[in-house]
Amino acid sequence: MVDINRGRRSIILCVNDIQLHLDNLREDIQIDFISIATTRTAFEQVRNIQWYFVSGNTNNLYKNIRLQIGRGLGGIVWRTGRTHEENDIQAKKAKLLTYPIARSEKLTYVYGIPLQKEDQVIGVLLAGNRTNRTLSIEEKQRIDNYVNQLEQLIEVWIKHASDE
Numbered sequence: 027m028v029d030i031n032r033g034r035r036s037i038i039l040c041v042n043d044i045q046l047h048l049d050n051l052r053e054d055i056q057i058d059f060i061s062i063a064t065t066r067t068a069f070e071q072v073r074n075i076q077w078y079f080v081s082g083n084t085n086n087l088y089k090n091i092r093l094q095i096g097r098g099l100g101g102i103v104w105r106t107g108r109t110h111e112e113n114d115i116q117a118k119k120a121k122l123l124t125y126p127i128a129r130s131e132k133l134t135y136v137y138g139i140p141l142q143k144e145d146q147v148i149g150v151l152l153a154g155n156r157t158n159r160t161l162s163i164e165e166k167q168r169i170d171n172y173v174n175q176l177e178q179l180i181e182v183w184i185k186h187a188s189d190e
């Protein structure tokens, strides 16, 4: 017999751990906003991702953002499997139209990092500022220190989320 409550406790603990890591990372590098976009479906079937975890948000509009792979900041990082950095976004109207998370959170600077498992993207970590302050090399290295733990947590969360 499967203990459903045990599975729910596991996913709640996982969500809490992810949120704690994001909050700690945001404070560690003194960034305005940090989030993770991922999927709740099997990776072979991924067509859309959304922002499930955030820290430093000013509203809840992120909950309504769904990105096709290759579109938006998260979709670009997911498709390429590489980091992506943009500055002065608020001054670029075309970018604002294609980057809904930057528009809704009024982000001027963003830095996106793929979260991976065995060379397969399983999520996108996005750090952003509402000013033009960019991340230093040292700050990017500190983000990298969190990435491995976040990759493991996201993998567990997806497994539990897709089981529900």
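When we follow my numbering, the leftmost residue of the sequence shown carries the number 27, and every step to the right adds one. Even glycine gets a Cβ: it sits at the ideal position worked out from N, Cα and C. Computed from a prediction, not measured in an experiment: that's the story for all the values here.
Asked	Found
Pairwise C-alpha distance: residue 121 and residue 46	30 Å
Cβ-based neighbour list, residue 159, same chain, cut-off 7 Å, excluding 5 preceding and 5 following	135
Test item: CB-CB of residue 63 and residue 149 under 8 Å	yes
Three-state secondary structure (DSSP) of residue 160	coil
Beta carbon of residue 74 nearer than 8 Å to that of residue 93	yes
At least three beta-carbon pairs within less than 8 Å, the region 79 to 91 to the region 42 to 58	yes
Residue 58 to residue 111 span [Cα, whole Å]	15 Å
From 104, 125, 179 and 106, residue whose alpha carbon lies closest to that of residue 114	125
Contact under 8 Å by Cβ, residue 173 with residue 141	yes
Three-state secondary structure assigned by DSSP to residue 155	strand
Residue 125 in three-state terms, based on DSSP	coil
Residue 55 and residue 156 closer than 8 Å at C-beta	no
Cβ pair residue 181, residue 143 closer than 8 Å	yes
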